[in-house]
DNA sequence: CTTCCACGGGAACACTGGGGTG
DNA sequence: CACCCCAGTGTTCCCGTGGAAG
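Residue numbers (my numbering): 2 to 404.
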């Protein structure tokens with residue numbers, strides 16, 4: 002077969018793969034009419050020269066929050082450009098700009114102020130931004146995506162942002178916060194909370210039927226005709242609906258199923274391919290998370306593996322894990338962390354869904370955490386022992402010899 | 001009622017990479 | 001140039017606390 006024959010084969014299934022990617026923002030957002038309308042109504046104030054209310058948007062991952070906001074933002078900017086109103090939308094992903102300093106530095110840079118990546122006191126950065134926006138009469142809408150990330154180390158950013166209007170003479174700033182955590186406002190100062198949540202919009206999870214609609218729409222563009230077997234879309238929708246109605250998940254499933262079919266040189270995507278895709282996504286997710294784990298977290302996970310191997314048990318107490326962790330650290334010549342710190346690492350691993358930890362009180366024998374692995378062992382092994390931990394693979398034999 | 005172990009909040013500290021000032 | 005200031009991150013230290021077995 003010619004080198005390019007295999008490439009040409011791809012065309013048999015995909016017509017345009019990009020529309021299945023998470024970054025793609027469709028022109029039409031099924032089942033989000035109401036949210037779009039609500040958002041547009043609030044923001045339309047900007048076109049009338051008023052300051053739109055601050056908005057909080059809630060919804061789980063893959064419920065279309067970001068897509069909706071970006072879509073409405075685009076429309077708004079176009080309209081305001083057409084009628085000569087000055088409104089700008091700044092989109093900030095708080096996962097990347099996750100501190101007060103970084104948010105204001107980014108904002109200041111948008112408004113043509115030079116601010117170093119670090120080094121300045123924050124009030125100077127804030128001042129640079131304030132001065133930058135206030136240069137001209139305009140309405141600036143700051144979108145803070147994943148806003149809950151910002152609140153983890155204090156709510157000062159939000160406080161400063163919400164009171165900035167009182168220090169502006171020409172410009173006006175309003176904030177749209179996007180959160181997938183429904184209760185994150187509880188950590189906020191009441192004043193910030195009420196100012197930020199003047200309007201609230203909720204994005205409910207999609208059900209299987211709605212996910213099907215979304216998939217159908219994209220599939221019509223993404224695939225050539227008749228490449229999807231009958232039950233493929235309903236199955237992707239159903240699987241994703243089980244996971245809190247995550248549309249991104251559904252689209253990933255569909256795309257990867259098709260990629261698998263393609264690689265198997267199949268002309269059609271079948272339900273079997275979807276099942277394989279489902280498994281692969283799960284494995285990749287775990288592998289990716291584990292690979293990027295900090296060194297000590299890896300050792301903690303590793304200690305679970307070794308404990309499990311030596312004891313034929315699933316659950317271990319934090320004490321057992323810490324002891325094993327220490328031994329392993331000594332073995333590879335790394336200074337062990339304190340128990341307190343390791344307990345935080347365990348909590349993080351729990352959050353990531355790699356471990357399952359529950360606090361139990363064992364009466365006379367004190368309080369502890371019972372911890373078990375919550376992913377298959379085989380998904381961990383290959384990826385856990387990176388170059389620094391290679392030597393640990395012979396760890397088990399040594400311990401048995403010393404016992 | 002005591003006793004025990006580790007949980008987990010909070011303060012303090014060390015360190016990094018960058019500022020501005022004299 | 002030396003020196004101190006600043007935000008941010010990761011860590012240690014200290015300690016009050018929960019709650020069932022004994």
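All C-beta atoms in this analysis are idealised placements derived from N, C-alpha and C, irrespective of residue type, glycine included.
Exercise. Near residue 382, which residues of its chain fall below 8 angstroms by C-beta distance, leaving aside the five closest residues on each side in sequence?
Worked result: Answer for residue 382: 306, listed in chain order.
Problem set entry | 8 angstroms contact criterion, which residue 207 and residue 248 should meet: CB distance rounded | Going by Cβ atoms, the distance from residue 207 to residue 248 rounds to 6 angstroms, so yes, they are a contact pair.
For this session: Have a look at residue 159 and residue 348 and give me their C-alpha separation to the nearest angstrom.
Result: Answer to the nearest angstrom: the Cα atoms are 27 angstroms apart.
Problem set entry | Delimiting residues of the beta strand (DSSP E) encompassing residue 371 | Start and end: 368 to 374.
Exercise. Taking only runs of the alpha helix (DSSP H) that begin and end inside the segment 199 to 228, which ones reach a length of at least 4 residues, in chain order?
Worked result: DSSP assignment within the segment 199 to 228 yields the following whole alpha helix (DSSP H) runs of 4 residues or more, N-terminal first: 209 to 223.
Exercise. Between which two residues does the beta strand (DSSP E) carrying residue 270 extend?
Worked result: DSSP places residue 270 outside any beta strand (DSSP E), giving it a letter other than H or E.
Exercise. Assuming residue 222 and residue 258 make a contact with CB atoms under 8 angstroms, what is their CB distance in whole Å?
Worked result: Residue 258 and residue 222 do not touch by the CB rule: their CB atoms are close to 17 angstroms apart, not below 8 angstroms.
Problem set entry | Inter-residue spacing [alpha-carbon to alpha-carbon] between residue 15 and residue 255 | Going from the Cα of residue 15 to the Cα of residue 255 covers about 11 angstroms.
For this session: Tell me whether residue 398 is buried or exposed, calling it buried when 16 or more other Cβ atoms sit within 10 Å of its Cβ.
Result: Any reading at residue 398 needs caution, since the residue's pLDDT is 49, under 50, leaving its predicted position unreliable; the model's value is listed next. It counts as exposed.
Problem set entry | Selection from 333, 354, 334 and 325 that minimises the alpha carbon distance to residue 343 | Ranking the options by Cα distance to residue 343, first place goes to 325.
Exercise. Should residue 56 and residue 142 be called a contact, given that it needs their Cβ atoms to be closer than 7 angstroms?
Worked result: In this structure, residue 56 sits away from residue 142, with a CB-CB distance that is not shorter than 7 angstroms.
Exercise. Given residue 23, which residues of its chain have a CB within under 6 angstroms of its CB, disregarding the five upstream and five downstream residues?
Worked result: Excluding residues within five positions, the ones whose Cβ falls inside 6 angstroms are 249.
Exercise. Under the rule that 16 or more other beta-carbon atoms within 10 Å means buried, what is residue 84, buried or exposed?
Worked result: Burial call: exposed.
For this session: Could you give the DSSP three-state label for residue 359: helix, strand or coil?
Result: Three-state result, residue 359: strand.
For this session: Scan the segment 33 to 68 and note each continuous beta strand (DSSP E) run of 3 residues or more that stays entirely inside, going in chain order.
Result: Runs of the beta strand (DSSP E) inside the segment 33 to 68: 56 to 60.
Exercise. Can you give the Cα-Cα distance for residue 44 and residue 156, rounded to whole angstroms?
Worked result: Whole-angstrom Cα-Cα distance: 24 angstroms.
For this session: Whole angstroms is fine: what's the gap from residue 320's alpha carbon to residue 394's?
Result: Residue 320 and residue 394: Cα-Cα distance of roughly 23 angstroms.
For this session: Check whether the segment 32 to 44 touches the segment 64 to 82, counting contact only when three or more Cβ pairs, one atom from each stretch, lie closer than 8 angstroms.
Result: Yes, they touch.
For this session: With a cut-off of 8 angstroms on the beta carbons, I'd call residue 69 and residue 37 a contact; round off their distance for me.
Result: 6 angstroms between Cβ atoms; contact.
For this session: Give a yes or no on whether the C-beta atoms belonging to residue 39 and residue 165 are separated by under 7 angstroms.
Result: Result no, Cβ atoms of residue 39 and residue 165 do not sit closer than 7 angstroms.
For this session: List the whole-angstrom C-beta distance separating residue 129 from residue 109, where the pair is believed to meet the contact cut-off of C-beta under 8 angstroms.
Result: That belief holds up - the Cβ atoms of residue 129 and residue 109 are roughly 4 angstroms apart, short of 8 angstroms.
For this session: Let me know the secondary structure DSSP gives residue 317 once reduced to three states.
Result: In the three-state reduction of the DSSP assignment, residue 317 falls in the strand class.
For this session: State the DSSP-derived secondary structure class of residue 94, mapped to helix, strand or coil.
Result: Strand, per DSSP.
For this session: Tell me whether residue 266 is buried or exposed, calling it buried when 16 or more other Cβ atoms sit within 10 Å of its Cβ.
Result: Exposed is the call here.
Exercise. So, is residue 170 buried or exposed, given that buried needs 16 or more other C-beta atoms within 10 angstroms?
Worked result: Burial check for residue 170: the Cβ neighbour count within 10 Å stays below 16, so the residue is exposed.
For this session: Report, in whole angstroms, the separation of the C-beta atoms of residue 20 and residue 219, which I expect to be a contact under 8 angstroms.
Result: By a beta-carbon distance limit of 8 angstroms, residue 20 contacts residue 219. Their separation comes to about 5 angstroms.
Problem set entry | 7 angstroms CB neighbourhood of residue 193 in its chain, flanking five on each side removed | By the criterion of a C-beta distance shorter than 7 angstroms, residue 193 is surrounded in its chain by 156, 159, 160 and 163, once the five residues flanking it on both sides are discounted.
For this session: Check whether the Cβ atoms of residue 151 and residue 195 lie closer than 7 angstroms to each other.
Result: In this structure, residue 151 lies away from residue 195, with their beta-carbon atoms at least 7 angstroms apart.
For this session: Give the C-beta separation of residue 298 and residue 346 to the nearest angstrom, bearing in mind that I take them to be a contact with Cβ-Cβ under 8 angstroms.
Result: With a beta-carbon spacing of about 5 angstroms, residue 298 and residue 346 fall inside the 8 angstroms limit used to define contacts.
Exercise. When burial is assigned at 16 or more other CB atoms within 10 Å of the CB, is residue 115 buried or exposed?
Worked result: Counting every other CB atom within 10 Å of its CB across the protein chains shown gives residue 115 a total below 16, marking it as exposed.
For this session: Quick one: which unbroken beta strand (DSSP E) runs of 3-plus residues sit fully inside the segment 153 to 180? Chain order, please.
Result: With a minimum length of 3 residues, the continuous beta strand (DSSP E) runs that stay inside the segment 153 to 180 are 173 to 180.
Exercise. Alpha carbon to alpha carbon, how far is residue 366 from residue 25?
Worked result: Taking the Cα positions, residue 366 is about 55 angstroms away from residue 25.
Exercise. Taking the continuous alpha helix (DSSP H) assigned at residue 118, which residues delimit it?
Worked result: If you look at residue 118, you'll find it isn't in any alpha helix (DSSP H); DSSP assigns it neither H nor E.
Exercise. When you compare each of 230, 283 and 145 to residue 99 by their alpha carbons, which one comes out closest?
Worked result: Its Cα nearest to that of residue 99, the residue 145 stands out among 230, 283 and 145.
Exercise. DSSP puts residue 88 in a beta bridge; with which residues?
Worked result: Residue 88 is bridged to 140.
Problem set entry | Beta-carbon gap between residue 356 and residue 375 smaller than 7 angstroms | A contact, by the Cβ cut-off of 7 angstroms.
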